[in-house]
Amino acid sequence: LNKGRGRIAPVGGGVSFSFSTPPKITELASLRSLGIDEIIRDRNSLRLGAMATVAQLAASPAALRFRNGLLAAAASRVAATPNRNLITLGGNAIRLFIWSDLPTVYCAMGALFKVRGPKGMRRMPCDEFYAAQPLSALGRCEFLEEIIIPDAGPRSGGSFDKFSETSNTFALASATACVTLAGSGKCASA
């Protein structure tokens with residue numbers, strides 16, 4: 341990426357590039373060999389490798405058990421099945437298109453985005469990552485490596501919904517809400 345001087349772009353599944361390739365890009369660099377395609381539950385979070393597909397997230401046992409399955413349920417409603425098999429979590433997060441349903445879920449769940457580049461790794465909170473088009477938040481030679489979803493408190497819940505012509509077509513509007521209650525029953529965070 342560094343040698344390309346801004347003309348080489350990192351690519352996962354390549355779905356977004358088939359719809360829109362920036363004019364200055366002349367080459368694509370595949371991220372497939374980096375081994376960043378796992379979905380892992382650790383002590384404090386669910387870690388989503390950028391190369392994992394939306395279909396993997398929808399079927400992941402770890403995601404199905406994490407925070408009442410909110411991420412898995414939302415992933416199962418992204419596009420049609422053949423597209424879910426191709427769309428990577430990184431691509432769906434970083435190149436916003438009409439089928440990018442998961443960013444609302446990431447933000448409601450307080451995701452951190454792990455970005456890697458020539459100067460090493462850095463983590464960006466969701467509000468910083470999505471302050472503008474996510475590609476503008478990355479340096480020229482950086483790529484999204486992982487999305488980290490933190491655990492929620494014990495009295496937490498959430499829901500994702502989208503309004504579309506059918507359950508698996510592009511959303512006309514989508515929304516996610518996550519709420520945690522304090523011991524008193526009052527809202528601690530939303």
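With the sequence shown counted from 1, adding 340 to any position gets you the numbering used here.
Every residue, glycine too, gets a C-beta built ideally from N, C-alpha and C.
Burial state of residue i (16 or more Cβ within 10 Å)
{"i": "C466", "result": "buried"}
{"i": "N342", "result": "exposed"}
{"i": "C518", "result": "buried"}
{"i": "R383", "result": "exposed"}
{"i": "R372", "result": "exposed"}
{"i": "C411", "result": "Cys is not the amino acid found at residue 411; the sequence shown has Leu there. Its Cβ being crowded by 16 or more others within 10 Å, L411 is buried."}
{"i": "P350", "result": "buried"}
{"i": "I427", "result": "buried"}
{"i": "Q473", "result": "exposed"}
{"i": "A398", "result": "buried"}
{"i": "R347", "result": "exposed"}
{"i": "K364", "result": "exposed"}
{"i": "I380", "result": "exposed"}
{"i": "P422", "result": "exposed"}
{"i": "A522", "result": "exposed"}
{"i": "L388", "result": "buried"}
{"i": "L478", "result": "buried"}
{"i": "A420", "result": "exposed"}
{"i": "R463", "result": "exposed"}
Per-residue DSSP class, three states only, for residue i
{"i": "L411", "result": "helix"}
{"i": "P350", "result": "strand"}
{"i": "E331", "result": "Residue 331 is absent from the model: the chain starts at 341 and stops at 530."}
{"i": "F510", "result": "coil"}
{"i": "R387", "result": "strand"}
{"i": "E486", "result": "strand"}
{"i": "L475", "result": "helix"}
{"i": "L371", "result": "coil"}
{"i": "T516", "result": "strand"}
{"i": "A492", "result": "coil"}
{"i": "L429", "result": "helix"}
{"i": "A398", "result": "helix"}
{"i": "C481", "result": "coil"}
{"i": "A419", "result": "coil"}
{"i": "L341", "result": "coil"}
{"i": "A528", "result": "strand"}
Anticipated Cβ contact below 8 Å, residue i with residue j, distance rounded
{"i": "T393", "j": "R435", "result": "15 Å between Cβ atoms; not a contact."}
{"i": "A528", "j": "G493", "result": "7 Å"}
Closer than 8 Å to chain D by CB, residue i
{"i": "T421", "result": "The chain labelled as chain D is not found in the depicted structure, where only one protein chain is given."}
Residue i CB to nearest heavy atom of the ligand SAH below 7 Å
{"i": "A395", "result": "In the structure on display, the ligand SAH does not appear, and there are no ligands present to speak of."}
Self-check item: Minimum length 4: unbroken alpha helix (DSSP H) runs contained in the stretch 435 to 463
Solution: 442 to 448, all fully within the stretch 435 to 463.
Quiz item: Contact between the stretch 444 to 459 and the stretch 474 to 485: three or more CB pairs below 8 Å?
Solution: Three or more beta-carbon pairs drawn from the stretch 444 to 459 and the stretch 474 to 485 are found closer than 8 Å, and the two stretches are therefore classed as touching.
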